[in-house]
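K.L.:
The sequence shown lines up with residues 981 to 1158 when you count with the numbering used here. Heads up, the beta-carbon is just placed ideally off N, CA and C, and yes, glycines get one too.
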Amino acid sequence: MSRIGKVAVNIPAGVKVDVSGTTVKVEGPKGKLSQTFANCVEISVADGKVHVKPLSDTTFAGAMHGTTRSIINNMVKGVTAGYSKQLEIQGVGFKATLKGNKLDLALGQSHPIIYDVPDGIKIAITDGVKVDISGADKRLVGQVAADIKSYKPVEPYKGKGVRIVGEFVRRKEGKKTA
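(1) Would you decide whether N1019 is buried or exposed? Buried here means 16 or more other CB atoms lie within 10 Å of its CB.
(2) Could you please give me the residues that DSSP links to P1133 through a beta bridge?
(3) Under 7 Å between the Cβ atoms of K1152 and P1136?
(4) Leaving out the 5 sequence neighbours to the left and right, which residues in its chain are closer than 7 Å to V1093 when beta-carbon positions are compared?
(5) With burial defined as no fewer than 16 other Cβ atoms inside 10 Å of the residue's Cβ, what is the status of D1107: buried or exposed?
(6) Any idea if L1035 is buried or exposed, counting beta-carbon neighbours within 10 angstroms, 16 or more meaning buried?
(7) Is Y1046 helix, strand or coil when you go by DSSP?
(8) Out of G1115, K1075, I1101, state which residue places its alpha-carbon closest to the alpha-carbon of R1143.
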């Protein structure tokens, strides 16, 4: 059995958890999240806590036991506190602007890159080079940050590109002339 899966998820005040079969719906002040899990685990709500139990002793059921509990815990944290990632754009002329529900990125290409912001994600831009991505769904916040970063990963010679704040990029020495 999973050590993580054995621990029940506490439901804070103001959060509503609804379980029907293997589908879990969580509502809170920051939004609503819904997820369907594998049918090898049993999910129940009792005494203000969510309990997850494996239905068999298979390896897959054991793996899904801890994974399901962690995802439910992340859903509860997401609807109460939310998640955020900060990106930083470095390079001469590199910038980001927000036009309605579209993120316009100028990353040194001949054309601007337009990124459609998915529902449930809020993007704030400061100084034209700092992008703050926030939302209730941890997976979606991380995926949006990875998608934006993939348009111009940081190159190792000059350090130009999009990076997550706090990310270390190893720099290389340039070509030497004789």
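P.N.:
The answer reads as follows:
(1) Within the sequence shown, numbered from 1, the residue matching residue 1019 stands at position 39. Answer is exposed; the Cβ neighbour count stays below 16.
(2) Residue numbering aside, residue 1133 sits at position 153 when the sequence shown is read from its first letter. In DSSP, P1133 forms a bridge with V1142.
(3) The residue you call residue 1152 lines up with position 172 of the sequence shown. The residue you call residue 1136 lines up with position 156 of the sequence shown. Result yes, Cβ atoms of K1152 and P1136 sit closer than 7 Å.
(4) The residue labelled residue 1093 in the question sits at position 113 within the sequence shown. According to the sequence shown, residue 1093 is Ile rather than Val. The answer, listed in chain order, is L1085, L1087, Y1131.
(5) Position 127 of the sequence shown, counted from the first residue, corresponds to residue 1107. By the neighbour-count rule (16 or more Cβ atoms within 10 Å), D1107 is not buried but exposed.
(6) Translated into positions along the sequence shown, residue 1035 becomes position 55. With fewer than 16 other Cβ atoms within 10 Å, it is exposed.
(7) As a working mapping, residue 1046 is identified with position 66 in the sequence shown. With the sequence shown as reference, residue 1046 is identified as Gly, and Tyr is not the correct amino acid for it. G1046 falls in the helix class under three-state DSSP.
(8) Taking the first residue of the sequence shown as position 1, residue 1143 is located at position 163. When only C-alpha atoms are compared, the closest one is K1075.
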